[in-house]
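In the numbering used here, the protein residues as written are 149 to 233.
Data first, discussion second: the structure below is written as structure tokens.
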Amino acid sequence: MLERLSEQDSARARDILLQSRETVSNTDIDWFIAEAENTGALEAVSKYCYEHEKLASSALKKLPDNNASKLLSEIVNYLTLDRKA
Numbered sequence: 149m150l151e152r153l154s155e156q157d158s159a160r161a162r163d164i165l166l167q168s169r170e171t172v173s174n175t176d177i178d179w180f181i182a183e184a185e186n187t188g189a190l191e192a193v194s195k196y197c198y199e200h201e202k203l204a205s206s207a208l209k210k211l212p213d214n215n216a217s218k219l220l221s222e223i224v225n226y227l228t229l230d231r232k233a
């Protein structure tokens, strides 16, 4: 996301990211989310996660069908797709 921002906004984003959780204001969080949406960073990350979900799912299909492979598949879906909702 930082490369998608102006130099000034990139510096602000870095400052926000480097702050401790307790010191980041709601205004900073709202600004950061808005910038992530405006720059297309959220969409890019979503696409990246979806592509990797497909790669992981394809690899998991090569494993024997058992509880372990089913659990791994559920974890992949949760980490890449379900959390988006």
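Cβ atoms here follow ideal geometry from the backbone N, Cα and C, with glycine treated the same way.
- Message: Quick check on DSSP: helix, strand or coil for residue 178?
- Response: Here residue 178 sits in helix by DSSP.
- Query: Less than 8 Å separating the beta-carbons of residue 172 and residue 181?
  - Reply: Contact flag unset, no.
- Task: Verify whether the separation of the beta carbon atoms of residue 149 and residue 189 is less than 8 Å.
- Result: Contact: yes.
- By a C-beta neighbour count over all protein chains shown, 10 Å radius and 16 as the cutoff for buried, is residue 159 buried or exposed? So residue 159 counts as exposed.
- Query: Straight-line CA distance for residue 221 to residue 208?
  - Reply: Whole-angstrom Cα-Cα distance: 7 Å.
- Item | For residue 228 and residue 201, believed in contact at Cβ under 8 Å, the rounded distance | Sure, about 4 Å apart at Cβ, within 8 Å.
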